[in-house]
Amino acid sequence: MDVRGTDDNCEKIIDDVSSSSATPVDRPSSEMERHGTILSGWSVMANSMIGTGVLGLASAFAKTGWLLGFVLMSGAGFLALFSLHLMVLLSMKFVDRDVTYYTVAAAYAPWSRWIVDVTIVVKCFGVAVSYLQVAGDVLSTLFIHWSSTTMSPFLLRAFVIGASGLLMAPICTAKEVKNTLITNVLAVVTIGYCVVLGIAYADVHAGDDSIGIPQESSITSVLAKLPIFIFAFTCHQNMFITRNHLKHRTQRRLDIIIVAAESTAALLYIPAVIFPYLTYGSAAQANFMLNIDLGHVP
1 MDVRGTDDNC
11 EKIIDDVSSS
21 SATPVDRPSS
31 EMERHGTILS
41 GWSVMANSMI
51 GTGVLGLASA
61 FAKTGWLLGF
71 VLMSGAGFLA
81 LFSLHLMVLL
91 SMKFVDRDVT
101 YYTVAAAYAP
111 WSRWIVDVTI
121 VVKCFGVAVS
131 YLQVAGDVLS
141 TLFIHWSSTT
151 MSPFLLRAFV
161 IGASGLLMAP
171 ICTAKEVKNT
181 LITNVLAVVT
191 IGYCVVLGIA
201 YADVHAGDDS
211 IGIPQESSIT
221 SVLAKLPIFI
231 FAFTCHQNMF
241 ITRNHLKHRT
251 QRRLDIIIVA
261 AESTAALLYI
271 PAVIFPYLTY
281 GSAAQANFML
291 NIDLGHVP
């Protein structure tokens with residue numbers, strides 16, 4: 001098989017797609033134009049990955065039990081890591097060119113472009129909605145606790161969600177990952193604070209945790225929790241952006257970013273599962289912070 005010929009064909013397809021595209025991304029890039037580092041790449045990937053999974057994995061374990069839960073979490077992490085590596089491997093066929101999902105799909109699987117569109121839309125929409133839900137639940141509950149408002153909880157939650165969306169909108173418009181390093185690091189630190197809260201308010205003997213699948217669980221309830229495990233390790237929508245902005249771009253440097261981001265997620269997820277599940281057991285909510293007694297809140 002003529003591998004070189006295959007690569008030439010892929011390169012030609014990339015050129016054809018680039019020349020007909022209105023986007024400025026799919027073009028040759030010089031080393032001087034790239035400003036990304038391993039640290040900035042890690043911050044983007046880790047922040048994209050680590051989010052509501054920290055708050056929701058305990059509720060997933062409440063339906064799966066310890067054994068199946070860790071199997072599903074480990075499997076989701078491994079598959080995410082492997083698929084990210086494959087994405088980098090494909091994109092590095094064009095090491096001196098910036099790429100997108102569309103140009104890579106056009107080169108290797110032209111029929112899959114619509115699948116890429118649907119997947120990215122569903123993933124980003126789902127993650128965005130989950131973040132707004134968390135903000136609405138937690139902030140509205142704290143506002144009611146700290147104030148004497150007579151506003152209905154529903155209206156207050158809707159107001160918080162709308163305000164959070166408007167506040168986050170400018171950050172979402174950043175065009176280069178190098179502009180988001182500080183924001184990403186602060187976000188990861190904030191998520192780490194949520195993990196610390198779960199540990200601080202833990203009572204490891206209070207919950208009715210289960211090693212196997214709990215008796216009250218069903219196939220349907222377990223399957224309903226699968227998206228939590230899957231989305232906990234997905235950050236694929238930003239893989240090519242990170243790759244395009246990385247200075248001294250190599251497969252090894254990109255793999256370091258991937259492994260570092262996935263490892264950071266695992267280090268945060270493990271205590272975020274163990275302590276809330278031991279404390280609340282089958283009563284663990286989709287956001288374990290809602291299980292914390294407001295009497296403990298200043």
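Under full-length UniProt numbering, think of the first position of the sequence shown as 1, with each following residue one higher. All residues carry an ideal CB built from backbone N, CA and C; glycine is no exception.
- Between ILE171 and THR183 the beta-carbon gap is near 6 Å, inside 8 Å, which marks them as a contact.
- Under a 10 Å Cβ-count criterion, ARG157 is classified as buried, with 16 or more other Cβ atoms of the shown protein chains found around its own Cβ.
- The residues GLN237, in chain order, have a CB closer than 7 Å to that of CYS124 in the same chain once the five nearest residues on each side in sequence are set aside.
- Taking 4 residues as the minimum length, the alpha helix (DSSP H) runs contained wholly in the region 103–149 are 113–146, in order along the chain.
- Within the DSSP secondary-structure output, LEU246 pairs in a beta bridge with GLY36.
- At a Cβ-Cβ threshold of 8 Å, TRP66 and ASP209 count as neighbours.
- The Cβ-Cβ distance between ALA206 and CYS235 does not fall below 8 Å.
- Proximity to MET73 across PHE240, HIS248, LYS225 peaks at LYS225, based on C-alpha coordinates.
- Just so you know, the alpha carbons of ALA232 and ALA60 end up roughly 11 Å apart.
- For PHE70 and ILE211, the gap between their C-alpha atoms comes out near 10 Å.
- For MET87, the number of other beta carbons within 10 angstroms of its own is at least 16, and it is reported as buried.
- The C-alpha of LEU254 lies about 20 Å from the C-alpha of ALA76.
- ALA286 sits in coil when the DSSP states are folded into three classes, being neither helix nor strand.
- For the pair of segments examined, the region 161–169 was found not to touch the region 141–153: the number of CB pairs separated by less than 8 Å stays below three.
- Taken atom to atom, the span from the alpha-carbon of ALA265 to that of VAL54 is near 9 Å.
- Counting C-beta pairs closer than 8 Å gives three or more between the region 195–205 and the region 281–295, which meets the contact rule.
- Measuring C-alpha to C-alpha distances from THR279 to each of TRP111, ALA62, ILE50, PHE229 identifies ALA62 as the nearest.
- Under the three-state reduction of DSSP output, MET151 falls in the coil class, being neither helix nor strand.
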